[in-house]
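For the sequence shown, numbering that gives the first Met the number 0 assigns the number 0 to the initial residue and increments by one for each residue that follows.
Even for Gly, the Cβ is constructed at its ideal location relative to N, Cα and C.
The next block holds one structure in the form of structure tokens; read it before the comments.
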Amino acid sequence: MTPMLLSAFWTYTLITALTPGPNNILALSAATSHGFRQSTHVLAGMSLGFLIVMMMCAGISFSLAVMDPAIIHWLSWAGAAYILWLALKIATSPTSNDRLQSEPISFWASFGLQFVNVKIILYGITALSTFVLPYTQDAHWLIGVSILLALIGTFGNACWALAGHLFQRVFRRYGRQLNIILALLLVYCAVRIFY
Numbered sequence: 000m001t002p003m004l005l006s007a008f009w010t011y012t013l014i015t016a017l018t019p020g021p022n023n024i025l026a027l028s029a030a031t032s033h034g035f036r037q038s039t040h041v042l043a044g045m046s047l048g049f050l051i052v053m054m055m056c057a058g059i060s061f062s063l064a065v066m067d068p069a070i071i072h073w074l075s076w077a078g079a080a081y082i083l084w085l086a087l088k089i090a091t092s093p094t095s096n097d098r099l100q101s102e103p104i105s106f107w108a109s110f111g112l113q114f115v116n117v118k119i120i121l122y123g124i125t126a127l128s129t130f131v132l133p134y135t136q137d138a139h140w141l142i143g144v145s146i147l148l149a150l151i152g153t154f155g156n157a158c159w160a161l162a163g164h165l166f167q168r169v170f171r172r173y174g175r176q177l178n179i180i181l182a183l184l185l186v187y188c189a190v191r192i193f194y
């Protein structure tokens with residue numbers, strides 16, 4: 000991976016991990032409502048489910064690449080299109096806070112959420128098919144990057160949980176500006192895929 004592509008990979012994964020999504024909102028809600036310690040089971044369920052989903056994404060992406068190697072080209076375009084769509088959604092998303100959940104959910108509920116969490120499924124397939132498979136189809140790399148993606152996602156969830164109230168105030172006050180900066184960084188990621 001070239002340094003420019005590596006920078007696009009890190010930018011994409013960190014922005015995706017740190018922007019609002021089902022996991023981050025749930026982590027924020029659980030930690031804000033019930034404290035970080037009482038929310039660790041929610042974070043643990045998310046983390047384990049996230050890892051399993053990333054491994055499944057690696058298998059799906061690899062299978063598609065093996066069936067038709069030319070599909071990698073199309074997956075790169077699809078990945079870029081998804082990143083641009085995500086940038087548009089972030090740039091135009093509302094900045095007001097949703098009402099927080101009043102009761103914590105269980106380990107198994109947060110674990111199960113991962114298998115229907117479209118954001119992380121697209122995150123995994125996009126990252127693997129755009130930044131890894133065009134350069135290698137080695138199983139060790141796919142597994143390693145899948146674990147890295149899960150760790151980055153877990154980092155994002157932990158950041159939201161630990162920063163609970165702080166993030167709420169920041170998004171309330173500077174939400175629009177922050178969303179536009181994040182969206183522009185995602186556009187950069189989409190362009191870097193091809194250049």
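Asked, Found
"Could you tell me whether the Cβ atoms of A16 and G155 are closer together than 8 Å?", "yes"
"I need the straight-line Cα distance from G152 to R172, nearest angstrom please.", "25 Å"
"Compare the Cα-Cα distances from A26 to each of W159, I120, S62, Q176 and report the closest residue.", "W159"
"Could you check which residue in L148, V52, A157, L87 has the C-alpha nearest to that of F114?", "V52"
"For the alpha helix (DSSP H) holding G123, just list the boundary residues, first then last.", "117-126"
"Where do the N-terminal and C-terminal ends of the alpha helix (DSSP H) with M55 fall, by residue?", "39-66"
"Check Y134 in the structure and name its three-state DSSP category.", "coil"
"Evaluate the contact criterion for the region 127-140 versus the region 54-71: three or more CB pairs, one atom per stretch, below 8 Å.", "yes"
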